[in-house]
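**Student:** Quick note on numbering: this note's numbering labels position 538 of the sequence shown as 535, and the sequence is numbered without any gaps.
I'd like to ask some things about the structure below.
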Amino acid sequence: MAPPQQGPPQRGAVGQVQGPPSASSRIDPSQIPRPVAQPPSSGPLVFDTRMAGGHALPPPASSRFVVRDRGSCSPRYLRSTLNHVPHSPELLTNCAMPLALVVSPMALPDPGDDLIQIVDVTESGPVRCVRCKAYMNPWVRWTNSGRNFNCNFCGISNSTPDYYFCHLAPDGRRRDADERPELCRGTVEYLASKEYMFRPPMAPAHVFLIDVSQTAVATGATASLCRAVAAALDRIQGKACGPRAMVAVATYDTSVQFYSVRTSGATPQMLVMSDVQDVFAPTSGKLLMGLEEHREQLKELLEALPGMWTSNRINENCAGAAIEAAIDLLKPYGGKVHAFVASLPSVGVHALKPREATGLGEKDKLAYLTSQDNTLRSLAATAADHMICIDLMVLGQGYCDIATLSDLATTTGGTVYSYTPYNPVADFDQLVNDLSWNVARQQGLEAVMRVRCSSGLDVESYSGHCYRPPNTPDVYLPAIDCDKALLARIILTEKLAAGSECYLQSALLYTNVAGQRVIRVHTLALPVTDNISMVFKGADLDAQICTLGRRVATSLVGQQTLGACRELVSSAVVATLYSYRRYCASSSSAVQLILPEALKLLPLYALSLLKGAGLKASWWENPDERALWITRMSCLPCSRVGPLLYPRLLPLARLLAEAREENATAADGNTFEGLTLSSEGLEAGGIFLLENGYEAILYLDRGVSGQLLFELLGVASYDDLVRAITLLPRDNWPSRLLQDLLTKIRLQRSSFMRLRVARKGDPAESAFFNMLVEDRSSAGMSYVEYLCQIHRLIQNKMG
């Protein structure tokens, strides 16, 4: 095999590393690669998806940018691990990088992005290739004066329908190309014709399952859930649904209770399912109620429920049976089950056994991260077949076996939330915001998706919160929302022509909030190269890390040892950087660690993966915490993975002082540059805000200004701080500025992120310092030490 064509090395940061890890003293920590924030004075980057007729490298996923769709779709929707596709399987192997596509079909656009254009094809249906069924896009080639077009995916010649015919301009484009969105935009949405409906679009249906066992009532979970559901009723699917949305409320302990409310003020009718081994949904009564018609009655029911169960002494629960009954209720309609669990399901069908201690006793095994109940996985597949999504909210005080219960959500397009150990004072705001956002966010129901590739490429597999029935190329998504992404792994099946372009297209058929059946099509054109340096130059760090995170999540539930899962991360990094060193920088000095510019942060994010909840080496870590990390990593879009691995650390005391000098009245959550995630950068007596998109910690060092303590927390001195103190809005300038900053960060992350206040000696202090991933800790080596280890392993491969 001929060596791959080489070009000039694309160098990033160069660390002088030689010999064993003790050589870390040779590296200047201030010079090693780290994420760089946008300058505070800069506005959002304007990103044209095509420039000078070619593909443009997308900006970082977590940066602020606005998109101009020039024929290829926004990177918010499709982001490839490689922006220059290798022309042969051999070149792809030599690169030691995966070829994959991160698909976020419902991603939230920036307000400044080009709007998605709607095409009404309800009468004729969209124009598609007769062989491969690819949708019309800007890259088809028109022939025979416009009477035919060659599909850019399979190459076959198609006849242009008479109603779609248009003459060609001298450049070969149709004269109406700029007037038809599907001919000039990378993203388009079709209003579907009847042939795309296997049944009439169903009204959005939601079943809320509330735990009323003694544990749930005593911990305040039941009362909190009733209040949260009542608040969410006003947010369900936005205003577009009008009177269409339907809602049912059920409770459970060792039986399942459904409620029917007909008139305001009347006593709710309770229908009890006491047989929790042979599960069914009661058919008598009006269990699914029209939201608009019965909103007030539903709120009255939710207000009354905590009092109805306050004396309940039944401490067991049949959550599995309750979920199966809710699925049975929704089978004719599809919809969403919101299951709230306050303790391990212990009775009825799908009851689970405590196994935390058993799992921890096994030598370096991850058995407790696999499901202990295959019938739940089968139930989830049944739900997916009927287009029913299951969301799981865990409000326990201890182990609830998220690894098993999460199968229900990951198979049906759902979300797993955990508030363990649940505290109604500290966690309620997070709970109500999470549930309200869950029902209000941009999402599609009854969805089916497929990714198509041009000749020479093929989809090997999909991963994410989805269901793929046997012997079908389609992916079923009972619900798909703006916070989730699927990963399509791509393989090269034949050699491609260097200098040409290849094409990827995702098509999502779904029901929108207005009850319309629509098809959202994203098309991406990528250049093909035979130059390995160009492959590295076009590598996308965000997509690469997202892909690596998915591999880790899959391996953790694959009965491998934890050591093997950790080794997977470093081996992948070493293989990629060794390939770059061998083929693109072979003449560089052996004492230098050469990092490609596009992947210069790869070791840092790999170290963050190793120190995250999923791969921590300590076996005393909560198994539910590890399982929750897996469910998150298996569905996150690129924009959420980076902040989760490398959080943002803000020097709040310094920022407040600077804002006071400038008489600032508002904070800017988009442009504050974060500190290095190392304790060396923490100023004595400072206040620091750390956030990763899921949680936020306000850390106060001893010696912090007494005035700031009083203004922010209402205490006179550091010694007056109590554990689990809550940050409340106060009527003073620093407090208002902090609240404004938190609001903007939450909007940026689309996540409420409950704020924990930490001081020295608090449990939250450990959580704060555990997220300083550049420091040496019990979770692993420092960033400098890890760079040295990576360099040594590369040198070993070079011989």
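Built from N, CA and C at the ideal position, the CB exists for glycine as well.
Owing to the predicted nature of the structure, the values given are computational and were not obtained by experimental measurement.
#1: Considering only the alpha carbon of each residue, which of C151, G777, M305, L327 lies closest to L454?
#2: Note down, one range per segment and in chain order, each alpha helix (DSSP H) of at least 4 residues found wholly within the segment 646 to 730.
#3: Is it right to say T78 is buried, meaning 16 or more other beta carbons lie within 10 angstroms of its own, or is it exposed?
#4: Nearest-angstrom Cα distance between V588 and L599?
#5: Cutting at 6 Å between CB atoms, please list the residues of its own chain near M390, excluding the five before and the five after it.
#6: Taking the alpha carbon of C129 as the reference point, which residue from C148, R138, N141, S121 has its own alpha carbon closest?
#7: With DSSP collapsed to three states, give me the class of T248.
#8: Tell me the DSSP secondary structure of V781 in three-state form.
#9: Can you give me the Cβ contacts of S585 inside the same chain, cut-off strictly under 6 Å, excluding the 5 residues immediately before and after it?
#10: Exposed or buried, which one is G777 when buried takes at least 16 other CB atoms within 10 Å?
#11: So, helix, strand or coil for T219, using DSSP?
#12: Along the chain, where does the beta strand (DSSP E) that runs through N155 open and close?
#13: With M446 as the anchor, note down where its beta strand (DSSP E) starts and where it stops.
#14: Nearest to G51 by alpha carbon, out of R773, W136, Q541, Q294?
#15: Could you give the DSSP three-state label for Q211: helix, strand or coil?
#16: In chain order, what residues of the same chain lie with their CB nearer than 6 Å to the CB of R232, ignoring the 5 residues before and after it?
#17: Taking C-alpha atoms, which residue in R73, W139, P95 lies nearest to D110?
#18: Please check the pair L268 and S257, which I expect to be a contact at CB under 8 Å, by giving their CB distance rounded to whole angstroms.
#19: Looking at the structure shown, is K360 part of a helix, part of a strand, or coil, going by DSSP?
#20: Would a C-beta distance cut-off of 8 Å place P467 and A536 closer than the cut-off?
#21: Under a three-way DSSP split, which group does C635 fall into?
#22: Please check the pair H462 and K481, which I expect to be a contact at CB under 8 Å, by giving their CB distance rounded to whole angstroms.
#23: Determine the burial state of N509: buried for a count of at least 16 other Cβ atoms within 10 Å of its Cβ, exposed for fewer.
#24: Where does G143 fall in DSSP's three states?
#25: For the segment 91 to 118, which segments carrying the alpha helix (DSSP H) assignment without a break, of at least 4 residues, lie completely within its bounds, in sequence order?
#26: Hey, could you find the ends of the alpha helix (DSSP H) C581 is sitting in?
#27: Measure how close the beta-carbons of C635 and R76 come, nearest whole angstrom, since I'm counting them as under 8 Å.
#28: Kindly provide the ranges of any beta strand (DSSP E) runs that are 3 or more residues long and lie completely inside the segment 49 to 80, ordered along the chain.
#29: Applying the criterion that 16 or more other CB atoms from any shown protein chain within 10 Å of the CB defines a buried residue, is D772 buried or exposed?
#30: Pull up the distance between the alpha-carbon of S451 and that of T401, whole angstroms please.
#31: Just verifying my parser: in three-state terms, what is the DSSP assignment at K130?
#32: On a CA-only basis, which of Q211, K191, Y783 is nearest V571? Give me that one, please.
#33: Below 8 Å on the Cβ atoms is my contact criterion, and I expect A734 with A654 to pass it. Report the Cβ-Cβ distance as a whole number of Å.
#34: Looking at the secondary structure, which residues open and close the alpha helix (DSSP H) in which E771 lies?
#35: How would you label D66, buried or exposed, when you count the other beta carbons within 10 angstroms and need 16 or more for buried?
#36: What is the DSSP secondary structure of G374, reduced to helix, strand or coil?
**Tutor:** Result, derived from the coordinates:
#1: Per the Cα distances, C151.
#2: Here the runs fully enclosed are 649 to 658, 703 to 710.
#3: Label assigned to T78: buried.
#4: Approximately 19 Å, taken between the alpha carbons.
#5: For M390, where only same-chain residues beyond five positions count, the Cβ hits under 6 Å are F337, Y414.
#6: Residue C148 is the option with its Cα nearest to C129.
#7: Correct three-state label for T248: strand.
#8: V781: helix per DSSP, three-state reduction.
#9: Taking C-beta separations shorter than 6 Å and ignoring five residues to either side along the sequence, the partners of S585 in its chain run I591, following chain order.
#10: Looking at its Cβ environment, which holds 16 or more other Cβ atoms inside 10 Å, G777 is buried.
#11: For T219, the three-state secondary structure derived from DSSP is helix.
#12: Taken as a continuous stretch (DSSP letters only), the beta strand (DSSP E) holding N155 covers 154 to 156.
#13: Start and end: 440 to 450.
#14: For G51, the nearest C-alpha among the options comes from W136.
#15: Q211: helix per DSSP, three-state reduction.
#16: Cβ-Cβ distances below 6 Å link R232 to S433, V436, A437 in the same chain, with the five nearest sequence neighbours on each side left out; the list follows chain order.
#17: The shortest C-alpha to C-alpha distance from D110 to any of R73, W139, P95 is the one to R73.
#18: Contact flag correct, Cβ pair sits at about 7 Å.
#19: Any reading at K360 needs caution, since the residue's pLDDT is 46, under 50, leaving its predicted position unreliable; the model's value is listed next. DSSP places K360 in coil when its eight states are reduced to three.
#20: Their beta carbons are not under 8 Å apart, which means P467 does not touch A536 by this criterion.
#21: Here C635 sits in helix by DSSP.
#22: The beta-carbon distance between H462 and K481, rounded to whole angstroms, is 6 Å. This is short enough to meet the 8 Å contact definition.
#23: By the C-beta density criterion, N509 is buried, having at least 16 other C-beta atoms within 10 angstroms.
#24: Taken through DSSP and simplified to helix, strand or coil, G143 comes out as helix.
#25: DSSP runs (the alpha helix (DSSP H)) wholly in the segment 91 to 118: none.
#26: Element bounds for C581: 559 to 581.
#27: So it is a contact: roughly 6 Å between Cβ atoms.
#28: Runs found: 62 to 65, 75 to 77.
#29: With 16 or more other CB atoms across the displayed protein chains lying within 10 angstroms of its CB, D772 is buried.
#30: Our two residues, S451 and T401, have alpha carbons roughly 38 Å apart in a direct line.
#31: In this structure, K130 counts as coil in the three-state DSSP scheme.
#32: It is Y783 whose Cα lies nearest to the Cα of V571.
#33: Contrary to the premise, residue 734 reads as Leu rather than Ala in this sequence. Wrong, their Cβ atoms sit about 11 Å apart, outside the cutoff.
#34: Careful: E771 lies outside any alpha helix (DSSP H) and carries neither H nor E.
#35: Its Cβ being crowded by 16 or more others within 10 Å, D66 is buried.
#36: According to the sequence as given, residue 374 is Arg; it is not Gly. In the structure shown, R374 sits in a helix (DSSP, three-state: H, G or I).
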